[in-house]
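Participant: Input: one structure, supplied below.
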Amino acid sequence: MPDWVTLSQKEGKGKTELTLTFSQMPAGSGRDGSVVFKLKDKDYRTALSLVQYDYSHAQDEIITIQKAAKGNGINLVFLGDGFDAKDISEGLLLKDINEAVGHFFSIEPYKTYKDYFNVYTGIAVSPESGIGGVNTIINNRFNTYVKRDVKIGALNGDSDYNEIFKYACKAPTVNEGNLNQTLIVIVPNTTEYGGTCYMYDGGEAIAYCPMSDNDYPLDFRGIVQHEAGGHGFGKLGDEYIYHNAFIDACICDDCGHVDEFNAAKAKGWYDNLSLTGKLNSVPWNHLIFHEKYSGIVDIYEGGYMHSRGVYRSESTSCMNNNIPYYSTISREAMVKRIMKYAGQEFSFEDFVAKDKIENLPEMADAVTKGGRLRFSVSGGVHDHGPVFMGKRPAIK
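In this text, residue positions in the sequence shown follow my numbering: the first is 7, and each later residue adds one.
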């Protein structure tokens with residue numbers, strides 16, 4: 007037995023409970039050893055492996071990555087799951103969290119409005135490394151696993167999401183009263199592709215963004231920008247297409263339809279989509295003839311999983327296929343939300359003056375109003391939209 011551990015007792019009869027105590031480890035690269043248990047007068051023994059790791063932050067310590075320099079401070083909480091003590095001691099957790107934060111702010115308008123955000127993470131230690139699935143059990147802090155019906159989420163549903171909200175409230179400026187204006191991003195320790203955003207009626211959101219190793223644009227960056235930046239904070243709808251059908255006539259059971267769409271609209275979400283193609287009725291009508299955007303913004307049929315009866319404002323964007331570009335109406339909706347949460351007044355003129363059109367798709371000027379539609383298929387770009395969770399239960 008190593009000299010840096012002690013046992014509550016070294017012998018006994020029948021059933022007993024042993025307490026193993028670790029002494030504090032000096033700074034270093036970690037240490038390991040084992041305790042061997044032997045049945046007296048019997049040729050039977052078993053070994054307990056011991057490993058102690060050294061890392062610079064305490065378990066569950068909250069780290070402030072960035073403090074807001076403008077406005078009231080909008081809260082983003084990035085949490086890793088499936089990172090064990092070894093992963094954390096080797097710096098993997100903070101490396102991956104910082105990469106996710108970098109992806110979130112590498113796209114407009116978040117790049118321009120970065121100073122409005124508080125950004126936090128926590129040292130959430132999992133007993134085991136990785137993320138389980140339907141046929142694989144891996145014990146991690148927030149019970150994240152790969153599902154069948156939706157890509158990634160919590161094994162125990164509401165009780166696990168409640169724990170995530172409770173953990174996020176450890177951050178200095180986060181509390182139950184402002185969770186409806188706080189975005190939580192879970193970074194699971196897996197290279198699975200599918201991300202999922204869980205959205206609540208009050209505005210709360212938990213975006214699962216796995217570290218996809220797929221090629222661009224289906225990579226880690228693409229998932230963070232689509233799920234966290236697009237759905238979670240921006241409250242945008244999906245623009246990709248599954249079915250060559252009218253949305254109000256589609257009878258499939260694997261995607262949202264008119265009722266779900268209208269429910270999101272009633273919450274003030276999905277400004278990037280419309281169920282009407284009438285010029286004066288689409289949410290982006292003020293952009294169509296604007297001198298800065300007239301060559302980009304128009305009315306295109308197809309979106310929200312259906313080719314007919316749904317309209318979007320531009321040929322393609324991050325909400326279609328994860329490219330690093332949000333449409334103009336999407337950027338405006340995001341800035342409106344930033345200003346609201348920051349306690350400041352939104353000005354369209356100020357938005358236009360600051361708005362940067364970066365990574366505009368080459369096809370933007372080439373596709374006509376009745377032109378090419380972009381289809382996504384299951385197993386391709388996306389498998390599902392966000393999951394609507396209803397009213398968030400009070401934290402217990």
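Glycine included, every Cβ here is placed at the ideal spot set by N, Cα and C.
Are there three or more Cβ pairs, one per stretch, closer than 8 angstroms when the region 106 to 125 is compared with the region 228 to 247?
Facilitator: Enough Cβ pairs lie closer than 8 angstroms, so yes.
Participant: Taking only runs of the beta strand (DSSP E) that begin and end inside the region 202 to 255, which ones reach a length of at least 3 residues, in chain order?
Facilitator: Complete beta strand (DSSP E) runs here, min 3: 202 to 205, 211 to 214 and 247 to 252.
Participant: Taking Cβ positions, are A213 and S313 nearer each other than 8 angstroms?
Facilitator: Here residue 213 is taken as the residue at index 207 of the sequence shown, counted from 1. Here residue 313 is taken as the residue at index 307 of the sequence shown, counted from 1. Contact flag unset, no.
Participant: Could you spell out the range, first to last residue, of the alpha helix (DSSP H) harbouring D38?
Facilitator: Against the sequence shown, residue 38 aligns to sequence position 32. Here D38 belongs to no alpha helix (DSSP H); instead the beta strand (DSSP E) covers R37 to K44.
Participant: With three or more beta-carbon pairs closer than 8 angstroms as the criterion, would you say the region 213 to 222 touches the region 176 to 186?
Facilitator: No, they do not touch.
Participant: Alpha carbons only, please: which of V57, R343, Y50 and Q72 is nearest the one belonging to G235?
Facilitator: As a position in the sequence shown, residue 235 is number 229, starting the count at 1. Here the closest residue by C-alpha is R343.
Participant: Among S62, H63, G308 and Y299, which residue has its Cα nearest to the Cα of L366?
Facilitator: Along the sequence shown, read from residue 1 onward, the residue named residue 366 stands at position 360. Checked all of S62, H63, G308 and Y299; the closest Cα to L366 is Y299.
Participant: For R227, tell me which candidate among W10, I158, N78 and G201 has the shortest Cα-Cα distance.
Facilitator: The residue given as residue 227 occupies position 221 in the sequence shown. It is G201 whose Cα lies nearest to the Cα of R227.
Participant: Is E17 helix, strand or coil when you go by DSSP?
Facilitator: Translated into the one-based positions of the sequence shown, residue 17 becomes position 11. DSSP places E17 in coil when its eight states are reduced to three.
Participant: Suppose you measure from the CA of E182 to the CA of I401; what does that come to, to the nearest Å?
Facilitator: Residue 182 sits at position 176 when you count from the first residue of the sequence shown. Residue 401 sits at position 395 when you count from the first residue of the sequence shown. Whole-angstrom Cα-Cα distance: 7 angstroms.
Participant: Can we say the region 64 to 73 touches the region 160 to 172, given the rule of at least three CB pairs closer than 8 angstroms?
Facilitator: No, they do not touch.
Participant: Let me check understanding here. Comparing Cα to Cα, which of G128, C324 and Y199 lies closest to D244?
Facilitator: By 1-based counting over the sequence shown, the position of residue 244 is 238. The shortest Cα separation from D244 among G128, C324 and Y199 belongs to C324.
Participant: Across the region 315 to 323 and the region 333 to 343, are there enough close Cβ pairs to call them in contact, namely three or more that are closer than 8 angstroms?
Facilitator: Yes, the region 315 to 323 is in contact with the region 333 to 343.
Participant: Give the single residue among A33, G36, T52 and I68 whose Cα lies nearest to the Cα of V42.
Facilitator: Numbered from 1 along the sequence shown, position 36 holds the residue referred to as residue 42. Among A33, G36, T52 and I68, the Cα nearest to that of V42 is on T52.
Participant: Step through the CB atoms of chain C and report whether any lies within less than 8 angstroms of the CB of W275.
Facilitator: No chain C appears in this structure, which consists of one protein chain only.
Participant: Per DSSP, K124 is paired with what?
Facilitator: Position 118 of the sequence shown, counting from 1, holds the residue named residue 124. What sits at residue 124 in the sequence shown is Asn, not Lys. Looking at the DSSP assignment, N124 forms a beta bridge with N81.
Participant: Can you tell me whether DSSP reads E297 as helix, strand or coil?
Facilitator: Here residue 297 refers to the residue found at position 291 when the sequence shown is read from its first residue. Looking at E297 - three-state DSSP - the assignment turns out to be coil, as it is neither helix nor strand.
Participant: Is the region 79 to 86 touching the region 290 to 307 in the sense that three or more CB pairs, one from each, lie closer than 8 angstroms?
Facilitator: The region 290 to 307, when compared against the region 79 to 86, does not touch it at the 8 angstroms Cβ threshold.
Participant: With M31 as the anchor, note down where its alpha helix (DSSP H) starts and where it stops.
Facilitator: Here residue 31 refers to the residue found at position 25 when the sequence shown is read from its first residue. Counting along the chain, M31 falls outside any alpha helix (DSSP H), and DSSP gives it neither H nor E.
Participant: Nearest by alpha-carbon distance to T197: which of T12, A339, S287 and G88 is it?
Facilitator: The sequence position of residue 197 within the sequence shown is 191, counting from 1. The option with the nearest alpha carbon to T197 is G88.
Participant: Considering Cα atoms alone, identify which of D356, G86, Q187 and K73 is closest to E134.
Facilitator: Taking the sequence shown and counting its residues from 1, one reaches residue 134 at position 128. When each option's Cα is compared against that of E134, the closest is G86.
Participant: Please list the segments of the alpha helix (DSSP H) lying wholly inside the region 90 to 165, counting only runs of 4 or more residues, in order along the chain.
Facilitator: For the region 90 to 165, whole alpha helix (DSSP H) runs of length 4 or above, ordered along the chain, are 91 to 95 and 98 to 110.
Participant: Applying the criterion that 16 or more other CB atoms from any shown protein chain within 10 Å of the CB defines a buried residue, is T27 buried or exposed?
Facilitator: Sequence index remark: in the sequence shown, residue 27 carries index 21 (1-based). Answer is exposed; the Cβ neighbour count stays below 16.
Participant: Between G139 and V152, is the Cβ-Cβ spacing less than 8 angstroms?
Facilitator: As a working mapping, residue 139 is identified with position 133 in the sequence shown. As a working mapping, residue 152 is identified with position 146 in the sequence shown. Cβ atoms of G139 and V152: closer than 8 angstroms.
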